[in-house]
Amino acid sequence: MVSYKEIQASNALINDATAPRVAVFAGGTSGIGKLTIKALVATGASVRIYLVGRKSAEERMRIFIQELHSINPKAEVVWTEGEIALLRETKRVCDVIKSKESRIDLLFLTAGYAPFGRRAETAEGIEVTQSLEYYSRMLFVLHLLPLLREAEAPRVVSVLGGGLEWANVDLDDMDLKKPGNFGPMKAQTQYVAMNSMALEKLANDNPQVTFVHSWPGWVNTGNVRRGSEPNSVMAWFAWLFLEPLIALFSFNDEESGQRHLFQSTSAAFGGRGVPWKGKPGINSLLEPLNGLFLVNYKCDCTPNAKAMPLLRKNALGKIWDHTQEILQPYL
Ligand SMILES: NC(=O)c1ccc[n+]([C@@H]2O[C@H](COP(=O)([O-])OP(=O)(O)OC[C@H]3O[C@@H](n4cnc5c(N)ncnc54)[C@H](OP(=O)(O)O)[C@@H]3O)[C@@H](O)[C@H]2O)c1
115 MVSYKEIQAS NALINDATAP RVAVFAGGTS GIGKLTIKAL VATGASVRIY
165 LVGRKSAEER MRIFIQELHS INPKAEVVWT EGEIALLRET KRVCDVIKSK
215 ESRIDLLFLT AGYAPFGRRA ETAEGIEVTQ SLEYYSRMLF VLHLLPLLRE
265 AEAPRVVSVL GGGLEWANVD LDDMDLKKPG NFGPMKAQTQ YVAMNSMALE
315 KLANDNPQVT FVHSWPGWVN TGNVRRGSEP NSVMAWFAWL FLEPLIALFS
365 FNDEESGQRH LFQSTSAAFG GRGVPWKGKP GINSLLEPLN GLFLVNYKCD
415 CTPNAKAMPL LRKNALGKIW DHTQEILQPY L
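Just so we're aligned, residue 115 is where the sequence shown starts under this note's numbering, counting upward by one.
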């Protein structure tokens with residue numbers, strides 16, 4: 115475990131020279147994304163943050179941005195409205211950002227929620243959480259890669275379940291559309307595995323960019339209840355059991371934000387970024403450099419040697435081909 119003291123010491127080194135000067139947060143309107151934005155802004159560094167969110171968050175974000183500006187007047191936060199559960203909207207948001215920037219240092223992806231409700235699809239025919247937690251995230255990466263490649267220490271962080279991959283991904287029904295094939299555990303494991311496979315492929319193809327798939331542990335953001343219908347058994351279960359359990363074992367908001375800022379900036383992951391003298395993290399291929407870093411809530415890395423080699427051998431190619439098919443119209 116990287117101690118909280120070490121995390122704080124590393125984050126204290128973030129300044130105008132080492133900060134991600136241009137960052138995009140998709141999912142920063144609440145939870146871990148929002149906490150990480152706050153931690154980044156509180157460093158006092160000069161940063162420009164594209165805060166992407168849906169219309170319904172706009173008023174909340176106007177107040178949040180004012181608060182951020184009073185913490186650090188050198189931080190510019192650009193509210194960028196978009197319904198990113200939709201791929202055409204994700205493309206539009208990326209086009210807006212591309213028209214304004216020539217380089218991006220950090221892409222931080224957190225949109226989504228536990229798929230505990232009934233299967234619901236977006237207008238584009240994709241299960242909502244799969245679109246948020248996988249397809250839209252990969253579309254962000256593919257659109258913004260040319261700008262990430264222009265940065266000195268570019269990084270992509272996808273927060274979901276890095277290290278929790280299981281080998282039994284469903285390759286015959288990747289989008290879990292067959293009747294009865296969608297369920298909370300199945301969807302969760304499917305999207306985690308798809309994230310790790312696509313991110314590993316992208317990391318291998320783009321060695322100049324650091325890729326992190328982060329598992330945040332338990333953070334008490336209300337995320338587990340988002341997907342459940344009000345007053346359903348699942349909503350009650352989440353309220354009565356899951357949330358108190360999460361509250362008991364989770365990191366507090368401040369520490370979660372600091373830990374994710376560390377994952378977004380430290381050279382512990384791949385050697386680029388804020389200098390790190392501790393043990394370097396290993397990537398999913400057991401190398402200290404490049405590749406995909408599967409990082410847990412303690413900021414430890416794992417190759418997940420049980421599942422990743424099997425997924426790599428049996429699933430990566432199929433997942434990538436299917437992903438290309440889905441995303442092609444929006445590239
Ligand atoms: N918190 C945990 O303990 C935990 C544990 C493991 C994995 N995770 C995963 O890690 C990721 C981040 O978690 P979190 O706790 O930070 O989540 P969160 O607080 O629930 O925030 C997720 C973000 O997703 C956005 N979002 C939710 N539904 C949306 C929709 N239909 N369309 C567009 N945007 C939508 C939210 O926007 P609004 O602000 O507009 O609602 C928010 O910006 C999630 O994928 C979560 O499933 C979380």
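A virtual CB, placed ideally from N, CA and C, is assigned to each residue, including glycine. Nothing here was measured: the structure is a model prediction, and the numbers come from that model.
Review point. So, is Leu-253 buried or exposed, given that buried needs 16 or more other C-beta atoms within 10 angstroms?
Key: buried
Practice item. Compute the Euclidean distance between the alpha carbons of Lys-393 and Pro-293, then round it to the nearest angstrom. Key: 47 Å
Review point. By DSSP, does Thr-236 sit in helix, in strand, or in coil?
Key: coil
Exercise for review: Return the first residue and the last residue of the beta strand (DSSP E) that Gly-167 is part of.
Suggested key: 161-167
Practice item. Would you kindly report the start and end of the unbroken beta strand (DSSP E) that includes Phe-407? Key: 406-409
Point to revise | Any non-hydrogen atom of ligand 1 within 6 Å of Thr-335 CB | key: yes
Review point. Using a threshold of 6 Å, is the CB atom of Gly-158 nearer than that to any non-hydrogen atom of ligand 1?
Key: no
Point to revise | Thr-194 - DSSP class collapsed to helix/strand/coil | key: strand
Review point. On the premise that Phe-325 lies in contact with Val-270, defined as a C-beta separation below 8 Å, what is that separation, rounded to the nearest angstrom?
Key: 5 Å
Practice item. Indicate whether Gly-371 and Phe-383 have their beta-carbon atoms separated by less than 7 Å. Key: no
Review point. Quick one: any contact between the region 374-390 and the region 316-324, if contact means 3 or more CB pairs under 8 Å?
Key: yes
Check your understanding: Using a threshold of 6 Å, is the CB atom of Val-273 nearer than that to any non-hydrogen atom of ligand 1?
Key -> yes
Review point. According to the neighbour-count rule (16 or more other Cβ atoms, all chains shown, within 10 Å of its Cβ), is Asp-209 buried or exposed?
Key: exposed
Review point. What three-state label does DSSP hand Arg-269 in the structure shown?
Key: strand
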